[in-house]
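Chemist: Protein sequence lines correspond, in order, to chains Z and S.
For the first sequence, full-length UniProt numbering gives the first residue as 1, with consecutive numbering after it.
For the second sequence, full-length UniProt numbering gives the first residue as 1, with consecutive numbering after it.
All C-beta atoms, glycine included, are put in the ideal place defined by N, C-alpha and C.
Just so you know, these numbers come straight off a predicted model, no measurement behind them.
The structure is given below, and queries will be raised subsequently.
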Amino acid sequence: MDRSISAKHVITQNATLVAAVAIIIAAGIAFDNFFTVVNLSNIFRQASMIGIMAIGSSFVILTGGIDLSAGSLFGFAAVMCGIVDAFCPNPFVMGLIAILTCAGFGALNGFCVTKLRIPPFIVTLAMMSGVQGLGLIITEGGNTLPITAEGFTNIATGTIGSVINDKGLEVGVVPVPAIIMIVGFVIAVIVSKYTTFGRNCYAVGGNEDAAIMKGISVNRTKFLAYLMSGICCGIAGIIVAARTRGGQITVGDGYEMDVIASVVLGGTLLSGGQGKVLNSMWGALIITMIGNIINLNSDVISYLWEGTITGILLLVILVAQSKMQSNKLGAR
Amino acid sequence: MSEEKRVLLEMRDICKSFIGVNALKGVDLVVREGEVHALEGENGAGKSVLIKILTGIYQKDAGTIRFDGKEVNFTSPAQAQEAGIRPIYQELTICPMLSVAENMFMGNEIKKRGLIDWRATYKRAEEILQSVNLNIDVRQPMGQLSAAMQQMVAIAMAVSLDAKLIIMDEATSSLDDKEVQSLLNIVKELQKKNIAIIFITHRMNEIYEVCERCTVLKDGEFIGCYDLDKLPKLELISKMVGRDASTIVNFKKQYNSDIESNEVICEFKNVAQGLRLKNIEFELKKGEVLGFAGLLGSGRTETGEVLFGIRKYTGSITVKGKEVHYANAGQAMKDNIVLCPEERKRDAIFPDMSIEDNITIPIMNKISRLGFIDRKKQAELVDKYIQMLKIKTPNKEQLIKFLSGGNQQKCIIARAMCCDPEIIILDEPTRGIDVGAKYEIEMLIQDIAKSGISVIMISSILEELERDCDRVVIMREGIVVGELLHEDITEENIIHTISEAHTN
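Right, dumping it as structure tokens:
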């Protein structure tokens, strides 16, 4: 009896992971080209960018805010890599400047939300279109800035460990971006659970007035969350630049929605104050897998269906989640 | 102990104005060590501004504050808390989704090597709660505790942090009698530990039970500081409302035998709902004020909600002679039943809408033509109720959130009235409302009943039921345990009926 309750508890607590595993198993059974080393490591490589941005967005959303500028910042980081590459083709310098730039935008978001008291939705919406516009000006209408720096592409294409596939070729197993994402999530989990900043995010999002009364600096907490979101976008932007060997502003168009969807799929409430940061990673994997499965089977399903199917699946998963939540709380 | 206790807090000549409005005009507040000091006044008297200055949320414009022997000027809540001033607010201080332990240590986390040490946090939280005899699971979300429990957790926490002065602002307003009693007992315990308490409440009995002295404010002015054993309750209320209060305090509804022979407008037979209601039976007569008494969780609110169609039930309910099965509030309202909920802020008001729209929202359809609201008709209606209910507001376009609790409640009653109700259910109609407005609302209830409307009045304030009701139904744990009529309705009889049911 006790065991069954605790098993149910584990499932409701980790609903997103359960959904992700279910999709992997179902897809593995249904499509034989899904469960291959190449494809799985591809999924992780793709998911890493959304996942890394979802780390920052998780904290922003926990505070009750939202970051709509993630996609633009992501694209702009790639553009920055391209700009720096032109006069200083050093991966470290390129990465550092890209991250600092995005950190600056994130800080600006934070400043507007806290000091100017503008709603996060408006601030980051303005930032989204402002940064994208800036990127278009710099790249003269959205051209791709070529990247030639030696070793830079390893950030995206490098792997650790390898196996021989059925064609006798050596293929990598764990892509570097996935490692970056996982390390990022490990840090994020520790921050969210064991640091004052992390807990303050929950407190601020849960009840801002209570946080003020307890002497928590609400502004500092929110500012740090937006700053962090900016930095995460920078890191993800470097990966996409390395992956495409170029900096293009439009590469992140619409990504902010995938990022937010990942966080929400992870069970974090958009109203703030509740959620587990790690679950955003499973959310990112689910989003990526849906696209991947459709792409793999383009002979059966037209790629045109991707948006519709993603939408329906998101809805189904979220409805299931909220059902589980209300069962847990006991309906009135 | 004949010698005067040491003065802990001395606020002198405190002034504060907001954009041209003088909120405080030279107010004094002197609290001694180990004293329970009541701070009283109607809404808008300046109590909360004074407290916010003391706790560092607002800055004073003029005056001096001395605390614990030093002149202080707190510029943030953190500074005030560090000095030993711990406010306990009714609603503001919890994050419902975080655990009890986490709420307790928020802003003051226990850390090991820079990271939060959860094991130590839980252990310490348990110790603190046990020190005031609270045995609860500190890992459960704070939101799962009752309001009373949350208060006690907050108090336990304040004590553990070496509080010298605890401020309890409306701490008892949402508690039932039993919970209030245990809270007051804790207050007495604190007093023994030489902790001073500023106690703010609208309930006069509580003041006289635990407080020694009382500072009264009115309209931002300092009226005086009194020893309560030399100031009868009636005089205190008179000072607060600024006029002789004897007529309102001594009111008792006249016995009217006609009502008993009135037709039955609503009848409950064998009504049950899950574990909350069991076999509820009562009759409601036309023009009657029927009170519902009982402790929190006795099923009073649920009974009202069943009648209003927002709670599922089994059994039979008859309204105006025909059996009804309301599936939602809309159906109940079609039969002219309205309800004013107990959580006014959460369930009744639309804070950012005008009082005009707030009052007429349920009848928008009736005052519309081709889907457009007839603004003229709306204005006429609203003006009528503002006058009738004496709602104090500069104009009817004012946002309801800027009104005092009492005036908000009047708007909610006006909203009910404009539906032309035959049955009106009032759940805790005077909660969180200051003395003056409270009596006005009680008089209003009499007027409503006189006009032939049946009133169901759910209240945890027994003296209110004693004053206003023709008949009182007493509930306990989902069962009707007794009924009192007219002269028999007294606080003692109600308490007696409840406790008797307990022993059986």
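Ends of the beta strand (DSSP E) at glutamate 281(S)?
Modeler: Note, glutamate 281(S): beta strand (DSSP E), 277–285.
Chemist: For aspartate 28(S) and arginine 12(S), I'd like the C-alpha separation in whole angstroms.
Modeler: Their Cα atoms are separated by approximately 5 Å.
Chemist: Taking CB distances under 9 Å as the criterion, tell me whether methionine 106(S) reaches chain Z.
Modeler: yes
Chemist: Whose CA, out of Ile235(Z), Val204(Z), Glu170(Z), lies closest to the CA of phenylalanine 59(Z)?
Modeler: Val204(Z)
Chemist: Look at the alpha carbon of glutamate 179(S) and the alpha carbon of serine 41(Z), and state the distance between them as a whole number of angstroms.
Modeler: 59 Å
Chemist: Tell me the DSSP bridge mates of glutamine 81(S)?
Modeler: Beta-bridge pairing links glutamine 81(S) to no other residue.
Chemist: If I'm right that aspartate 470(S) touches leucine 290(S) with Cβ under 8 Å, what's the distance once you round it to whole angstroms?
Modeler: 7 Å
Chemist: Taking the C-alpha atoms as reference points, what is the distance between isoleucine 355(S) and lysine 392(S)?
Modeler: Rounded to the nearest angstrom, the gap between the Cα atoms of isoleucine 355(S) and lysine 392(S) is 11 Å.
Chemist: Mind listing the chain Z neighbours of threonine 93(S)? Cutoff is C-beta to C-beta under 9 Å, in chain order.
Modeler: Residues of chain Z with a Cβ closer than 9 Å to the Cβ of threonine 93(S) are, in chain order, Asn207, Asp209, Ala210, Met213, Lys214.
Chemist: Mind pulling the alpha helix (DSSP H) runs of 4 or more residues that sit fully within the segment 401–440 of chain S?
Modeler: 405–417
Chemist: With DSSP as the reference, please indicate the residues paired to valine 316(Z) in a beta bridge.
Modeler: Partner residues in a beta bridge of valine 316(Z), as assigned by DSSP, do not exist.
Chemist: Where do the N-terminal and C-terminal ends of the beta strand (DSSP E) with glutamate 42(S) fall, by residue?
Modeler: Annotation for glutamate 42(S): no beta strand (DSSP E) segment contains it, and DSSP assigns it neither H nor E.
Chemist: Using 9 Å as the limit for Cβ to Cβ distance, is lysine 167(Z) near chain S?
Modeler: no
Chemist: Counting only beta-carbon separations shorter than 9 Å, does residue 339(Z) have a partner in chain S?
Modeler: Beyond the ends of chain Z as shown, which are 1 and 332, falls residue 339(Z); an answer cannot be given.
Chemist: Terminal residues of the continuous alpha helix (DSSP H) containing tyrosine 255(Z)?
Modeler: 255–265
Chemist: Tell me, which residues are paired with isoleucine 293(S) by DSSP?
Modeler: Rather than isoleucine, the amino acid found at residue 293(S) in this sequence is alanine. Its beta-bridge partners are Ile474(S).
Chemist: Reducing DSSP to helix, strand and coil, say where serine 129(Z) ends up.
Modeler: helix
Chemist: How big is the Cα-Cα spacing for serine 322(Z) and isoleucine 310(S)?
Modeler: 22 Å
Chemist: Select from Thr148(Z), Asn39(Z), Glu170(Z) the residue whose C-alpha is nearest the C-alpha of phenylalanine 87(Z).
Modeler: Thr148(Z)
Chemist: Leucine 193(S) and glycine 34(S): beta carbons closer than 9 Å?
Modeler: Going by the sequence as given, residue 193(S) is lysine instead of leucine. Going by C-beta atoms, lysine 193(S) is nearer than 9 Å to glycine 34(S).
Chemist: If you measure from the beta carbon of threonine 221(Z) to each beta carbon in chain S, is any gap under 9 Å?
Modeler: no
Chemist: Methionine 97(S) CB to nearest chain Z CB: under 9 Å?
Modeler: yes
Chemist: Need the endpoints of the alpha helix (DSSP H) that tyrosine 194(Z) sits in, please.
Modeler: 176–194
Chemist: Shorter than 9 Å from the beta carbon of isoleucine 494(S) to some beta carbon of chain Z?
Modeler: no
Chemist: Tell me the residue span of the beta strand (DSSP E) that contains phenylalanine 67(S).
Modeler: 62–67
Chemist: With distance defined between alpha-carbon atoms, name the residue in Ala241(Z), Cys201(Z), Val263(Z) nearest to valine 79(Z).
Modeler: Ala241(Z)
Chemist: Just how far apart, CA to CA, sit leucine 108(Z) and alanine 98(Z)?
Modeler: 16 Å
Chemist: If I measure Cβ to Cβ from lysine 60(S) and keep anything under 6 Å in the same chain, skipping five residues before and after, which residues do I get?
Modeler: Excluding sequence neighbours, lysine 60(S) sits near Ile14, Lys16, Ile53.
Chemist: Can you confirm whether glycine 64(Z), when its beta carbon is compared against all beta carbons of chain S, has any partner nearer than 9 Å?
Modeler: no
Chemist: Would you decide whether tyrosine 122(S) is buried or exposed? Buried here means 16 or more other CB atoms lie within 10 Å of its CB.
Modeler: buried
Chemist: Just checking methionine 168(S) against the ligand FAD - is the residue's beta carbon closer than 8 Å to any of the ligand's heavy atoms?
Modeler: This structure simply doesn't include the ligand FAD, nor any ligand for that matter.
Chemist: What is the DSSP secondary structure of asparagine 143(Z), reduced to helix, strand or coil?
Modeler: coil
Chemist: Which residues mark the beginning and the end of the beta strand (DSSP E) in which tyrosine 226(S) is found?
Modeler: Looking at the DSSP string, the run of the beta strand (DSSP E) that includes tyrosine 226(S) is 221–227.
Chemist: Do you know whose CA, among Gly234(Z), Ile287(Z), Tyr226(Z), lies nearest residue 359(Z)'s CA?
Modeler: This structure does not reach residue 359(Z), given that chain Z is present from 1 up to 332, and the question cannot be answered.
Chemist: Of all the options Val153(S), Gly287(S), Val480(S), Thr301(S), which has the alpha carbon lying nearest to the alpha carbon of alanine 171(S)?
Modeler: Val153(S)
Chemist: Of the residues that make up the segment 255–278 of chain Z, which ones have a beta carbon closer than 7 Å to any beta carbon in chain S?
Modeler: Gly273, Gln274
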